[in-house]
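Taking it in order: structure first as structure tokens, then the write-up.
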Amino acid sequence: MSINVIGWDRMASAELLKQFRGCLPLLETERRASLIVDTIAQRLIYMLRTASRKQLATEAKTFFRLSELAEDASVNQTSLGSISDAAMLFGRALSLAVDNHDDASIESTLASYDKRSKAFFEIMLESGSEPLRRTDLKRRFNDHPDDLAISESQLSHMLRDFDNANLIFRSRVTGGKQVVVGLTPQGREIAEQKAAPSWQPILRQFLDIGFDANDVAPLYEMLCDSGFPKDEVLLEVLRLAAVRSTARQAANDEPSDDDTGWRYQDAAWQPPINLLQSLRVDSDAWSSDFREPFSNARSHRHNSGKTISI
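Structure (structure tokens):
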């Protein structure tokens, strides 16, 4: 009787285990056992190329189960020993792949949803430790001030990709059809990295309306109470921002055609929010005339072992 292994490399784990159990009595020769080893090796390669971290973890358990089934049956069929050893080896390889899963794939998934991924994590953090109803999540997107309204299909695709990346979990409310969404430990860690600091809206408001030197001390204290990093260099940044803000307001009140002077128009002046976003800075966004006054501060910052780009 022949053994049919067509599709074993890509079929669902439960079906694979079912078919493997069915063919165990037929694996009485080393040649047939070798066919099984080759087939599951192809499955291993396919999974390593295409599976998400979550799928790799599930597949590792499948291989370990294959190894157990083959080992139990090898008491009467010595040819199954090679299958047991191979499946165990492949399971360990998949477990290692899970531990070393390329974080770039997660970053790629997040980047594909651009602003929505960041907004998603902020919404989930605001909901606390409890899972959020899917309908509430969609409503929060549709009410988002940055116009991030999302359709049902877009939300489904995003949640599916985040689930495959092991960033979220989804489940149904007991006794109903309502789906809730929660963050996995890995997802919560990434959420805390991606979400905007609580002090950022405060600072952005002051940058928008302008402030002077008298506002720096109370503003700095208010920001620190909201988690802003306490640092003398950053305090100097605020002081300089206040000077620039005052000068910009004066320049805007009295427009000048003199190209040799400072330009404080909104489009030309880059506010220090770029520097102050948890020190995540794109230095190219700053004009050279704004960076120059910080050369000494930059040197001091580097020498203290905490380098920032200015």
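Residue numbers (this note's numbering): 2 to 311.
Glycine is no exception: its CB is placed at the ideal position from the N, C-alpha and C atoms.
Straight-line measurement puts the Cα of LYS19 at about 10 Å from the Cα of ALA13.
Within the stretch 79-137, the complete alpha helix (DSSP H) segments at least 4 residues long are 81-100, 104-112 and 115-127, listed from N- to C-terminus.
Below 8 Å, too few C-beta pairs join the stretch 222-237 and the stretch 149-165 to call them touching: fewer than three.
Nearest to ASP213 by alpha-carbon distance, out of ILE191, VAL238 and SER227, is VAL238. In the structure shown, the three-state DSSP call for ILE169 is strand. With 16 or more other Cβ atoms from the protein chains shown falling within 10 Å of its own Cβ, GLU60 counts as buried. If you compare the alpha carbons of GLN56, ILE4, LEU57 and LYS62 with that of LEU36, the shortest gap goes to ILE4. If only complete runs of 4 or more residues are kept, the stretch 141-224 shows the alpha helix (DSSP H) at 153-165, 186-195 and 201-210, in order along the chain. Comparing alpha carbon positions, the residue from GLN43, ILE124, ALA58 and ALA71 closest to ARG93 is ALA58.
Cβ-Cβ separation between ALA34 and ILE107: approximately 38 Å, too far for a contact (criterion under 8 Å). Cβ-Cβ distances below 7 Å link ASP162 to THR110 in the same chain, with the five nearest sequence neighbours on each side left out; the list follows chain order. In the structure shown, the three-state DSSP call for THR30 is coil. For LEU17, the enclosing alpha helix (DSSP H) has its first and last residue at 14-24. Relative to LEU49, the option among ARG11, ARG171 and VAL182 whose CA is nearest is ARG11. The alpha-carbon separation between PHE229 and THR63 amounts to approximately 47 Å. In the structure shown, ARG11 adopts coil according to DSSP, grouped into three states. Annotation for ALA74: the continuous alpha helix (DSSP H) segment containing it runs 54-74. In the three-state reduction of the DSSP assignment, ASP226 falls in the helix class, which pools H, G and I. With a contact defined as Cβ atoms closer than 8 Å, ARG44 and TRP9 qualify at about 6 Å.
Listed in chain order, the non-local C-beta contacts of GLY82 below 7 Å within the same chain comprise SER75, local neighbours out to five positions each way being set aside. Assignment of LYS231 by DSSP, reduced to helix, strand and coil, places it in the coil class.
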